[in-house]
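Numbering (this note's numbering), first residue to last: 471 to 575.
Glycine is no exception: its CB is placed at the ideal position from the N, C-alpha and C atoms.
Predicted model, so just to flag it, every value in this text is computed and none were measured.
Contents: one structure, followed by commentary.
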Amino acid sequence: MLDKILESLKTSNYNLVLFYMPDCASCVETRPIVLQLAKRNSIPLFEISTDDSDWIESARHFGITDFPSLLVISKLAGQKTYLGSEKIQRFTTGAQSHFDLLNSK
């Protein structure tokens with residue numbers, strides 16, 4: 471998975487990487503919100519679950535230690551990590567408003 475993420479960084483302006491645990495209530499609550507943001511705005515989304523055999527490699531590479539974590543990678547703004555359900559939900563709301571404004575022009 472890490473190779474796919476790094477390859478996407480070369481071509482996409484934005485990338486989202488969601489680290490989650492399938493049995494974590496906050497993760498289950500947050501995941502659909504991130505999926506909707508990515509789908510609605512055609513942003514590449516990489517979901518990394520603790521059920522994946524190679525999740526530790528990706529988590530170490532990006533410095534992820536807690537779940538849920540959303541890594542936002544932008545060519546212009548760099549890398550930002552949102553940790554926890556509340557912060558991720560606030561980010562997605564603000565990001566959607568930003569994309570709506572861009573698309574209205």
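Which residues mark the beginning and the end of the alpha helix (DSSP H) in which residue i is found?
i	result
G564	S555 to S574
I534	Where I534 is concerned, there is no enclosing alpha helix (DSSP H), given that its DSSP letter is neither H nor E.
I475	L472 to T481
I503	A495 to R510
Taking the CB atoms as reference points, tell me whether residue i and residue j lie closer together than 8 Å.
i	j	result
I558	L479	no
S539	M471	no
R501	Y490	yes
L507	Q566	yes
H475	V487	Note on residue identity: the sequence assigns Ile, not His, to residue 475. Yes, the pair counts as a contact, with Cβ atoms nearer than the cut-off.
S555	E499	yes
Which of the three DSSP states, helix, strand or coil, is assigned to residue i?
i	result
I526	helix
I513	coil
K545	coil
T520	coil
Pop quiz: residue i and residue j are said to be a contact at Cβ under 8 Å. What is the actual Cβ separation, rounded to whole angstroms?
i	j	result
C497	F532	Rounded, the Cβ-Cβ distance is 16 Å, inconsistent with contact.
F561	N511	F561 to N511, Cβ: 13 Å. No contact.
P492	D473	Not a contact, Cβ separation roughly 23 Å.
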